[in-house]
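Protein chains in written order, with this note's numbering: chain A, 13 to 334; chain B, 13 to 334; chain C, 13 to 334; chain D, 13 to 334.
Number of protein chains: 4
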Amino acid sequence: MDKVKHIALLTSGGDAPGMNAAVRAVVRRALYEGLEVSGVYHGFRGLIEGSFQKMELHSVADIVHRGGTVLRTARSEEFKTEEGQNMALENLKKANIDALVVIGGDGSFNGAKALTDKGFPTIGIPATIDNDIAGTDVTLGFDTAVNTVVEAVDKIRDTATAHERTFVVEVMGRDSGYIAMAAGVAGGAESILIPEQEVNYDDVCMRLERGYKRGKVHSIIMVAEGVASGYEVAYQIKKRTGMDTRITVLGHIQRGGTPTAKDRILGARFGAKAVDLLLQGQKGVMVGIKGDEIVTHSLSEVLSTKKDIKKELVDLANILSI
Amino acid sequence: MDKVKHIALLTSGGDAPGMNAAVRAVVRRALYEGLEVSGVYHGFRGLIEGSFQKMELHSVADIVHRGGTVLRTARSEEFKTEEGQNMALENLKKANIDALVVIGGDGSFNGAKALTDKGFPTIGIPATIDNDIAGTDVTLGFDTAVNTVVEAVDKIRDTATAHERTFVVEVMGRDSGYIAMAAGVAGGAESILIPEQEVNYDDVCMRLERGYKRGKVHSIIMVAEGVASGYEVAYQIKKRTGMDTRITVLGHIQRGGTPTAKDRILGARFGAKAVDLLLQGQKGVMVGIKGDEIVTHSLSEVLSTKKDIKKELVDLANILSI
Amino acid sequence: MDKVKHIALLTSGGDAPGMNAAVRAVVRRALYEGLEVSGVYHGFRGLIEGSFQKMELHSVADIVHRGGTVLRTARSEEFKTEEGQNMALENLKKANIDALVVIGGDGSFNGAKALTDKGFPTIGIPATIDNDIAGTDVTLGFDTAVNTVVEAVDKIRDTATAHERTFVVEVMGRDSGYIAMAAGVAGGAESILIPEQEVNYDDVCMRLERGYKRGKVHSIIMVAEGVASGYEVAYQIKKRTGMDTRITVLGHIQRGGTPTAKDRILGARFGAKAVDLLLQGQKGVMVGIKGDEIVTHSLSEVLSTKKDIKKELVDLANILSI
Amino acid sequence: MDKVKHIALLTSGGDAPGMNAAVRAVVRRALYEGLEVSGVYHGFRGLIEGSFQKMELHSVADIVHRGGTVLRTARSEEFKTEEGQNMALENLKKANIDALVVIGGDGSFNGAKALTDKGFPTIGIPATIDNDIAGTDVTLGFDTAVNTVVEAVDKIRDTATAHERTFVVEVMGRDSGYIAMAAGVAGGAESILIPEQEVNYDDVCMRLERGYKRGKVHSIIMVAEGVASGYEVAYQIKKRTGMDTRITVLGHIQRGGTPTAKDRILGARFGAKAVDLLLQGQKGVMVGIKGDEIVTHSLSEVLSTKKDIKKELVDLANILSI
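1. Assign residue 3 of chain C to one of two classes, buried (16 or more other C-beta atoms within 10 Å of its C-beta) or exposed (fewer than that).
2. From the DSSP output, read off the bridge partner residues of residue 181 of chain C.
3. Based on the DSSP output, what are the partners of residue 52 of chain C in its beta bridges?
4. Assuming contact is defined by CB atoms lying nearer than 9 Å, are residue 259 of chain B and residue 165 of chain B in contact in what I supplied?
5. List in chain order: all unbroken beta strand (DSSP E) runs of 3+ residues lying wholly within the region 91-118 of chain D.
6. Starting from residue 176 of chain C and walking both ways along the alpha helix (DSSP H), at which residues does that stretch end?
7. Looking at residue 191 of chain D and residue 161 of chain D, is the spacing between their C-beta atoms short of 9 Å?
8. Suppose the cutoff is 7 Å on Cβ atoms and the five residues either side in sequence are ignored; what does the same chain contact list for residue 122 of chain B look like?
9. Alpha carbons only, please: which of B:292, B:203, B:306 is nearest the one belonging to residue 331 of chain B?
10. Would you verify that the beta carbon of residue 168 of chain A is, or is not, closer than 9 Å to some beta carbon of chain D?
11. By DSSP, does residue 77 of chain C sit in helix, in strand, or in coil?
12. On the three-pair Cβ rule with 8 Å, is the region 108-118 of chain B touching the region 13-32 of chain B?
13. Give the straight-line distance between the Cα atoms of residue 182 of chain A and residue 238 of chain A, rounded to the nearest whole angstrom.
14. Give me the Cα-Cα distance between residue 284 of chain B and residue 225 of chain D, rounded to the nearest whole angstrom.
15. Consult DSSP for residue 279 of chain C and reduce its assignment to one of helix, strand or coil.
16. Helix or strand or just coil, what does DSSP make of residue 302 of chain A?
17. Which residue's Cα is closest to the Cα of residue 158 of chain B: B:236, B:34, B:107?
18. Considering residue 19 of chain A, what are the terminal residues of the beta strand (DSSP E) in which it resides?
19. Can you list the residues of chain A that residue 86 of chain B reaches, using a CB-CB cut of under 8 Å?
20. Is it right to say residue 170 of chain C is buried, meaning 16 or more other beta carbons lie within 10 angstroms of its own, or is it exposed?
21. Between residue 249 of chain D and the rest of its own chain, which residues show a CB-CB distance below 8 Å, the 5 nearest in sequence each way excluded?
22. Measure the Cβ-Cβ separation of residue 148 of chain A and residue 28 of chain A and say whether it is below 9 Å.
23. Given residue 241 of chain A, which residues of its chain have a CB within under 7 Å of its CB, disregarding the five upstream and five downstream residues?
24. For residue 8 of chain C and residue 52 of chain D, I'd like the C-alpha separation in whole angstroms.
25. Does any residue of chain A have a CB that is nearer than 9 Å to the CB of residue 98 of chain D?
26. Does residue 70 of chain B pass the burial test, meaning 16 or more other C-beta atoms within 10 Å, or should it be called exposed?
27. Roughly how many angstroms separate the alpha carbons of residue 99 of chain C and residue 252 of chain B, rounded to a whole number?
28. Is it buried or exposed for residue 46 of chain D, if we count other Cβ within 10 angstroms and need 16 for buried?
29. Take residue 196 of chain C and list the residues in its own chain whose beta-carbon comes closer than 7 Å to its own, dropping the five residues that flank it on each side.
30. Express the C-alpha separation of residue 273 of chain D and residue 33 of chain D in angstroms, rounding to a whole number.
31. Given a threshold of 16 other Cβ atoms within 10 Å of its Cβ, counted over all protein chains shown, does residue 55 of chain D qualify as buried or as exposed?
32. Taking the alpha carbon of residue 143 of chain B as the point to measure from, which residue in B:172, B:189, B:176, B:105 has its own alpha carbon closest?
33. Using a cut-off of 7 Å between C-beta atoms, extract the partners of residue 206 of chain C located in chain B.
34. How about residue 81 of chain B: is its C-beta nearer than 9 Å to some C-beta of chain A?
35. Measure how close the beta-carbons of residue 92 of chain A and residue 311 of chain A come, nearest whole angstrom, since I'm counting them as under 8 Å.
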């Protein structure tokens, strides 16, 4: 393969805070190395539609602290077809683009892999608030999302304490309890329900009642949406204890917001590394972080591995909420 | 009536940020004047149960910045009965308490008025995030709640922009559109639906479509819960335009949180004035703010007046969201 | 005078949060009325240099929540001269501009008045974090600045409490103690030193020592820069009591940041009203807020009046910090 | 050694956000295991004075989100003497305390080591915003401090952009550039000056001028206090380029504030592990985090090792700020 001269980048799937920091780093690292850079708008749909725009240093000025993604994001059913992918490849070729950086989650990496399988070099940057991607300790956006949830829980606790009530807080996480677990430990939740563990409402109720006997005046139950809705949890508690609870569904505020320092730095490191990998002739790999080191794994490996939740955190949650 | 020597205070109804600032001011102003002060726990229920605690300077140290209320709050059905009120009066008498400051909303002022009607001096401090109390430009907690909603909208807008979608945001306000209106103007919402105005979904849809034609990539519809649920609004938009929207119900995070500077200062001014009024021998009145001046109105007047929303803000919302 | 058809607007002097909300409102209100609108870059310097840019609806999209000013700001010595002002008028005439909205503080209004004195219609919008402009209860940016200071004080109190130390916090305000007073009351400061009152270090020390005797473990002294530097205050306390204090100078963080809901709404109301006034043929006036009503005063009156600090707040500060 | 039955804990040195989360975890983990727990007030001074207080579950309720430390902190010259240490040991013995958890930085670990050298079991938890302790990727409080600095830089950038000026921001770090480096990368600083690297003002000025030529309208120079004061940096830039800059010294706000989710979880993990280690009969070790795993090192090793700053971050900072 010839040396990469012109790279493109896109963001895809749900937006995650820190995506802009990654975009900035890809663009600046590439320009620093003398490459040409094009931004693709609206994710894979933009590849099919040929929505490319040349990126300069100033294109990414003053975006490091912004939530969302300046490249926009979208879902594309068409790209899942052979025909859509071929159209994308044609557009990339016509624009003289040699390689593509894909910033997103699982679904996005399926798209990236499809292109690499057809011979077009891609690098993946894991960005999703859910932290459900193997091959990296954390994904871009997770730290900000957890802090957003914790801030909300701090607010809810004010009210829970004032009224001496139990609150059920439903957070994002269809298949993954990472947000619920991290925010639950940080927010001092009494019980944390995650998809990785079988839910035991009797245990939840036992903990609640033990706490109230001991003089606890309020309780917070954190539940990942993949386990049950907040309403279902409230119903199960009511059925067993007769206790009324209040329900809050945090919803879309979890996706947005100014990224934390950690997500900005992670985005910067991921972005710079993605360009380095392309310059080294690599493709079909995802950057990740293991401890404090940037690592890489093949997209195939990432896509076929299920990430487990840390047992230590689960145990810790139980101990701290006595 | 003899001069007041010992006052009590309670918080009642939904908690509101700034209640603690008011509690602090009542206690310190009263101690400064040489009065004795007792805190009543759990609102009017605490009067019936005689949950009184003597307050000293240090009892209110380091609480000015805390959400919720250190005196806790509760609803009491019993206090609505003659019998409950008499028990409360007996407890107040036994504890040698001469007067009571009630921090809360409409329902709480009904309770305060009942006591005053029976000859026991009370002063009301309007504290509710809804801002639906006549006789004051703003209630304690409203400024913080609006800022909380605006921060949430700023986060949602990140995601709305990234995905180029329309979001429906449901906020508190059963009978009052104050939060929706203020947060909608501050957050740049495209349409704001409030109980004070008949809802016109055709107009909402016309504005949405006009915006999209003009190149707007995202829209936010703010709706007070008293108008309709976010789900209902989404359904009405879908029915008329076929457009999918996303829904966020902000819920209980609107009640809590560190009070803004404005709510802390308002709490301080209200609290100090309430004590001054008792020292002047007044009773059955509520403190309020009109412009930048502290004013007073009788509780009867306050309870029989409906507060209207400012027409100027409604018009402004329409103009700015073109 | 003919009806206004094309207006320009500029921001000038120190930046203040909410300026962008005012810019947005001027532009949208004017476009709504069918006017042409031009933005002037770099304040009065831009008038002299003819840095005009046509503003459309999208020019002010997504700026309502941003600190600073998209029109930039600068100081211009040249505009203080007859020659500079004539050049500005010529440029305005060449661009077919009929009227000008000036968003800024005292210095900026001198400039606006100079143009109006020469026959060119101007309207002033008071925007400065110092709140030192007569004719309005509050200026644009003040509420945000106070909240920024209060958040900093909340952080400093954590450390002050942990170490049981006294902290001196120096805030902005050369001639005006508004920020110090509001943030001091909201932040629970033990003493507040403002330019409007003679400083009495003996009293400061008496209060400190009284507090410590009573068991207070930390104290915060708030001082406006116009009174003395934080270092001077620390020296005076040390000289009298031997007590070591820590000093924090808050500096430029007070100017920036996402505007509060209140500053966004105020910016919106001021901006819309400024356009209305021009449409009514008014000139040489400043918009302001009195209570909850938008009011107007002539620039001459505003510039010749000194704004006093509210006595009630000063007394309140003394009572609450016992 | 007999099994540990009664442990004590103290916080020492500068306070750091997350200390309370660690205190909570030590107490709850210990009570969960049936141990007795005593809190020591005012750090090592409290050991000498015997300021012990029994801790129950409720002693640590509602503290996880608070900055500072509920156990207070202080410096103690007396504890550095043989006599002071003996008095401390006597007090610990009298109170039947078997082991001590020390939460703090380098200086605190010297104290802990002294006790262990005399036969009394201690475990160290690294807590300092400076992140200058070997044996752990990060220290407790660092993440919060960096986010505090980044928020301040975001505010300063608003003003820097509005006025098109260069700002010098001085942050904490006498011997360590960790805060400056992390906040500089996350905040998009143009130059970052740290004690680990020789400062090159010519390079700083070259980067400034290159940026301005390219159209950058503002610049931020981040400097750790150990390199030079902000004033010195401003002077050196002025001398070389004639350019005026503005200076902000962030000061004590860097220490306080609500801890981030990460610092709360880290505090929880460190605290629980410290108790586990004591139950296993370990002593004279510090807990730390390496990647995502909790690790331990002997206090001697920790105290004799200098922590280096990550080369990758330094290079990244240079690339991203082109």
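Ideal Cβ positions, reconstructed from N, Cα and C, are used throughout, including at glycine.
Reading off the structure:
1. For residue 3 of chain C there is no data in the structure shown, the boundaries of chain C being 13 and 334.
2. In the DSSP output, where bridge partners are listed per residue, residue 181 of chain C has C:234, C:260.
3. Answer by DSSP bridge pairing, in chain order: C:64.
4. No, these two residues do not count as a Cβ contact at 9 Å.
5. Complete beta strand (DSSP E) runs here, min 3: 111-116.
6. From DSSP, residue 176 of chain C is part of no alpha helix (DSSP H); its letter is neither H nor E.
7. Pairing residue 161 of chain D with residue 191 of chain D gives a Cβ-Cβ distance under 9 Å.
8. Within its own chain, the residues whose Cβ lies closer than 7 Å to the Cβ of residue 122 of chain B, once the five positions on either side in sequence are excluded, are 315, listed in chain order.
9. If we check each option's Cα against that of residue 331 of chain B, B:203 comes out closest.
10. Between residue 168 of chain A and chain D, the shortest Cβ-Cβ separation is not below 9 Å.
11. In the three-state reduction of the DSSP assignment, residue 77 of chain C falls in the coil class.
12. The answer is yes - the region 13-32 of chain B touches the region 108-118 of chain B, with three or more Cβ pairs under 8 Å.
13. One Cα belongs to residue 182 of chain A, the other to residue 238 of chain A, and the distance between them is close to 10 Å.
14. Approximately 58 Å between the Cα atoms of the pair.
15. In this structure, DSSP gives residue 279 of chain C a helical state, which the three-state scheme calls helix.
16. Three-state DSSP puts residue 302 of chain A in a strand.
17. Per the Cα distances, B:236.
18. Counting along the chain, residue 19 of chain A sits inside the beta strand (DSSP E) bounded by residues 18-23.
19. Against chain A, the beta carbon of residue 86 of chain B has neighbours under 8 Å at 175, 176, listed in chain order.
20. Label assigned to residue 170 of chain C: buried.
21. Excluding positions up to five away in sequence, the list reads 178, 180, 213, 216, 217, 220, 233, 255, 257.
22. No.
23. Here the set comprises 182.
24. Summary: the structure shown does not reach residue 8 of chain C, with chain C confined to residues 13 through 334, and so no result is reported for it.
25. No - not a single Cβ of chain A is within 9 Å of the one on residue 98 of chain D.
26. By the C-beta density criterion, residue 70 of chain B is exposed, having fewer than 16 other C-beta atoms within 10 angstroms.
27. Using only the alpha carbons, I get a separation of about 55 Å.
28. When all chains shown are included, residue 46 of chain D counts as exposed.
29. Here the set comprises 204, 234, 329.
30. Each residue's alpha carbon lies about 10 Å from the other.
31. Buried is the call here.
32. Among B:172, B:189, B:176, B:105, the Cα nearest to that of residue 143 of chain B is on B:189.
33. Below the 7 Å Cβ cutoff, chain B contributes no neighbours of residue 206 of chain C, its closest Cβ being approximately 15 Å away.
34. By this cut-off, residue 81 of chain B is an interface position.
35. With 8 Å as the limit, residue 92 of chain A and residue 311 of chain A do not qualify as a contact, their Cβ atoms being about 16 Å apart.
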